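Peer 1: Below you will find the structure I want to go over with you.
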DNA sequence: ACTGCTTTTAGTACCTAGTCATAATTAAAC
DNA sequence: GTTTAATTATGACTAGGTACTAAAAGCAGT
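Chains as they are written, first to last, in my numbering: chain A, 160 to 348; chain B, 160 to 348.
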C-alpha cells in the first residue's frame with residue numbers, strides 16, 4: 160500500500176533533506192505515485208525544485224566557508240555581564256551539537272559555553288584558563304536551552320581568578336565547573 | 160577591442176574559477192562575443208556546463224558535510240586507536256580556533272580534542288563524560304600541531320572509566336586532563 | 001447509490017541552460 | 001586574393017522543471 164498524503168509528505172521532507180539531489184521522477188518511483196503528485200507535494204511544502212536545491216547547497220556552503228569564521232569568540236549569547244562579578248549566557252542546543260544516535264549534547268559544547276563565559280566575565284583584555292574541574296550533572300538534549308551563570312569567587316593578588324559556572328536547563332543543574340583563570344598574557348588557554 | 164582566442168580562453172578559466180555560477184550568456188556579454196563562441200571555448204577547455212559546475216560544488220561540500228559530521232564526532236584526526244587501551248589524535252590549530260588578539264588557542268578546542276578522544280577510546284557504542292579535571296599547561300598558538308594521547312587508566316565494575324589525556328606540541332605538554340566517563344546511556348555529557 | 005469533496009493523474013504549453021551538428025559569415029595569415 | 005582559422009547563426013533535441021487545465025479515482029456522509 161502507498162502512504163496517504165500526510166505521511167508521504169512527512170517522509171518526503173526527510174527524504175529530500177537526506178538526499179537533496181533527487182529528481183521528482185525518482186521520488187515518484189520511490190513513493191509509488193505520479194510525478195505530478197510529487198510536484199503538488201513540493202509546492203504545498205514549499206520545497207524548491209532540484210536545481211534550486213542543488214544551487215542552495217552550493218551557495219550556502221560557499222558562504223558558510225567564508226562566513227562561519229567569526230561568531231564564536233563567545234559561545235552562547237551573553238545576556239548579563241557584570242565585569243569581575245558575574246555573567247549569564249544562554250545557548251540553545253542545535254542539531255550539530257548532539258550525538259546523532261541519542262540526541263545528547265556532546266560535552267565539549269557545554270564546556271565551551273562555560274569556559275568562554277568565564278573568559279568574558281573577567282575585567283581584562285584577555286583571560287586564559289589555567290585549570291578547571293568540571294562535572295556534567297545531567298544530559299542535555301537537542302532543542303534545550305542552556306543558561307550558564309558565572310560567578311567570580313576569588314581574585315588573588317597574582318591575578319589568578321577563580322570562576323564558578325553553573326549551567327541550567329529550566330532551573331535544573333546540568334553542568335558545573337570551577338575555572339582557574341589567569342589574566343592577560345601569563346599562562347595558558 | 161575584443162581579446163583574441165588564446166587570451167580569452169585564459170581569462171575564461173579564471174572567470175569561471177572565480178565565480179562558477181555564471182551562465183554562458185553572461186560570459187558572452189562579459190567577453191563581448193557570442194554565446195556559441197563561449198560554448199566552443201568551454202568545449203576546447205573541457206569546462207562543464209553551469210549546472211554540472213554547480214552540482215560538483217554542491218556534492219563536494221555535501222560530502223564534506225556528511226563526512227565531517229562523523230568526522231566531527233571526533234575533533235582532530237585519530238591516528239592510532241586501541242579500544243579500551245589508548246588512542247592518539249592530532250589537530251592542527253587553525254585561524255578559527257585562536258583568539259584573534261594574540262593567536263592563542265581558546266581552551267575549549269583543546270578540551271574538545273581531549274574529550275572526544277576520551278569518548279572514542281572507549282569500546283562502547285557511546286560514552287559520556289561525567290566529570291573532568293583538566294589543566295592547561297602551556298599556551299598553544301596558531302599553526303601548532305597538537306598531539307593528544309589518551310590512556311584508559313581504570314575501568315570500574317559499574318562501567319565508570321577513567322581516561323587520562325595528555326596533549327603535546329613537539330613533546331611539550333600543553334594540556335592534561337583526567338576524564339571520568341560513563342559507558343552507554345548512564346549519565347551525562 | 002448518489003452527491004460532494006479531496007486527492008491523484010494526465011496533458012499541454014512554456015522555461016532555462018544547456019548539447020550536438022551543420023552551415024554561413026567574418027577575420028587573419030600567407 | 002585565396003585559404004585557413006575563428007566566430008556566429010540556425011535548428012533540433014534534452015533534463016528538469018513551472019503553470020495551468022481537466023479528467024479520473026477515492027472516500028465519506030446521507
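Cβ coordinates follow ideal geometry from the N, Cα and C atoms, glycine included.
Given the structure is predicted, the values throughout are model-derived calculations rather than measurements.
So what's residue 305/B in DSSP terms, helix, strand or just coil?
Peer 2: As a first step, residue 305/B is located in the second chain; it is residue number 146 there, counting from the start. Residue state, collapsed to three classes: strand.
Peer 1: May I have a chain-ordered list of the beta strand (DSSP E) segments no shorter than 3 residues that lie completely inside the region 223 to 296 of chain A?
Peer 2: Correct list: 236 to 241, 245 to 251 and 286 to 295.
Peer 1: Flag residue 271/A as yes if its beta-carbon sits less than 9 Å from any beta-carbon of chain B, otherwise no.
Peer 2: Here the question's residue 271/A lines up with position 112 in the first chain. True, the Cβ-Cβ gap to chain B drops below 9 Å.
Peer 1: With 16 as the cutoff for other CB atoms within 10 Å, does residue 330/A come out buried or exposed?
Peer 2: Locating residue 330/A in the first chain gives position 171, where the first residue counts as 1. Looking at its Cβ environment, which holds fewer than 16 other Cβ atoms inside 10 Å, residue 330/A is exposed.
Peer 1: Closer than 6 Å by C-beta to residue 229/A: which residues in its own chain qualify, once you throw out the five before and the five after it? Chain order, please.
Peer 2: Taking the first chain and counting its residues from 1, the one referred to as residue 229/A is at position 70. Only weak support is given to the placement of residue 229/A: the predicted model assigns it a pLDDT of 31, under 50, and the question is left unresolved by the model.
Peer 1: Please compile the residues from chain A whose C-beta is within a distance smaller than 7 Å of the C-beta of residue 162/B.
Peer 2: For the purposes of this step, residue 162/B is taken as residue 3 along the second chain, with counting starting at 1. Correct list: empty, because the minimum Cβ distance to chain A is about 28 Å.
Peer 1: Quick check on DSSP: helix, strand or coil for residue 342/A?
Peer 2: For the purposes of this step, residue 342/A is taken as residue 183 along the first chain, with counting starting at 1. Residue state, collapsed to three classes: strand.
Peer 1: What in chain A is Cβ-close to residue 217/B, meaning under 7 Å?
Peer 2: The count along the second chain starts at 1 and reaches residue 217/B at position 58. By Cβ distance, chain A contributes 213, 216 and 217.
Peer 1: To the nearest angstrom, how far is it from the Cα of residue 234/B to the Cα of residue 275/B?
Peer 2: Here residue 234/B corresponds to residue number 75 of the second chain, with the count starting at 1. Here residue 275/B corresponds to residue number 116 of the second chain, with the count starting at 1. Straight-line Cα distance between these residues: approximately 6 Å.
Peer 1: Just to confirm, is the Cβ distance from residue 247/A to residue 307/A under 9 Å?
Peer 2: In the first chain, counting from the first residue as 1, residue 247/A sits at position 88. In the first chain, counting from the first residue as 1, residue 307/A sits at position 148. In this structure, residue 307/A lies closer than 9 Å to residue 247/A by Cβ.
Peer 1: What separation, rounded to the nearest whole angstrom, lies between the Cα atoms of residue 206/B and residue 163/B?
Peer 2: Translated into positions along the second chain, residue 206/B becomes position 47. Translated into positions along the second chain, residue 163/B becomes position 4. Those two C-alpha atoms are separated by around 19 Å.
Peer 1: Which word fits residue 182/A, buried or exposed, when buried means at least 16 other C-beta atoms lie within 10 angstroms of its C-beta?
Peer 2: Counting from one through the first chain, the residue named residue 182/A turns up at place 23. So residue 182/A counts as exposed.
Peer 1: Who are the Cβ neighbours of residue 335/A in its own chain at under 8 Å, not counting the five residues just before and after it?
Peer 2: Along the first chain, read from residue 1 onward, the residue named residue 335/A stands at position 176. For residue 335/A, where only same-chain residues beyond five positions count, the Cβ hits under 8 Å are 293, 294, 296, 323, 324, 325 and 326.
Peer 1: Less than 9 Å between CB atoms is the rule here; does residue 288/B satisfy it with respect to chain A?
Peer 2: As a working mapping, residue 288/B is identified with position 129 in the second chain. Interface residue, yes.
Peer 1: Could you tell me whether the Cβ atoms of residue 319/A and residue 299/A are closer together than 9 Å?
Peer 2: Here residue 319/A is taken as the residue at index 160 of the first chain, counted from 1. Here residue 299/A is taken as the residue at index 140 of the first chain, counted from 1. Result no, Cβ atoms of residue 319/A and residue 299/A do not sit closer than 9 Å.
Peer 1: Can you list, in chain order, the residues of its chain with a C-beta nearer than 7 Å to that of residue 184/B? Leave out the 5 residues immediately preceding and following it.
Peer 2: Taking the first residue of the second chain as 1, we reach residue 184/B at position 25. So the list reads 194, once near-sequence residues are dropped.
Peer 1: With DSSP as the reference, label residue 208/B as helix, strand or coil.
Peer 2: Along the second chain, read from residue 1 onward, the residue named residue 208/B stands at position 49. Here residue 208/B sits in coil by DSSP.
Peer 1: Classify residue 201/A as buried or exposed, calling it buried when 16 or more other Cβ atoms lie within 10 Å of its own Cβ.
Peer 2: Translated into the one-based positions of the first chain, residue 201/A becomes position 42. So residue 201/A counts as buried.
Peer 1: Could you spell out the range, first to last residue, of the beta strand (DSSP E) harbouring residue 321/B?
Peer 2: Along the second chain, read from residue 1 onward, the residue named residue 321/B stands at position 162. Unbroken beta strand (DSSP E) run through residue 321/B: 320 to 328.
Peer 1: Does any C-beta atom of chain B lie closer than 9 Å to the C-beta of residue 294/A?
Peer 2: Indexing the first chain from 1 puts residue 294/A at position 135. Chain B, which has a Cβ nearer than 9 Å to the Cβ of residue 294/A, makes this yes.
Peer 1: Kindly list, in the order they appear in chain A, the residues whose Cβ is closer than 8 Å to that of residue 302/B.
Peer 2: The count along the second chain starts at 1 and reaches residue 302/B at position 143. Near residue 302/B there are no residues of chain A at all, since even the closest Cβ is about 16 Å away, more than 8 Å.
Peer 1: Taking only beta carbons into account, state which residues of the region 174 to 207 of chain B come closer than 7 Å to chain A, listed in chain order.
Peer 2: Residues: none.
Peer 1: From what residue to what residue does the alpha helix (DSSP H) around residue 190/A run?
Peer 2: Within the first chain, numbered from 1, the residue matching residue 190/A stands at position 31. Unbroken alpha helix (DSSP H) run through residue 190/A: 183 to 190.
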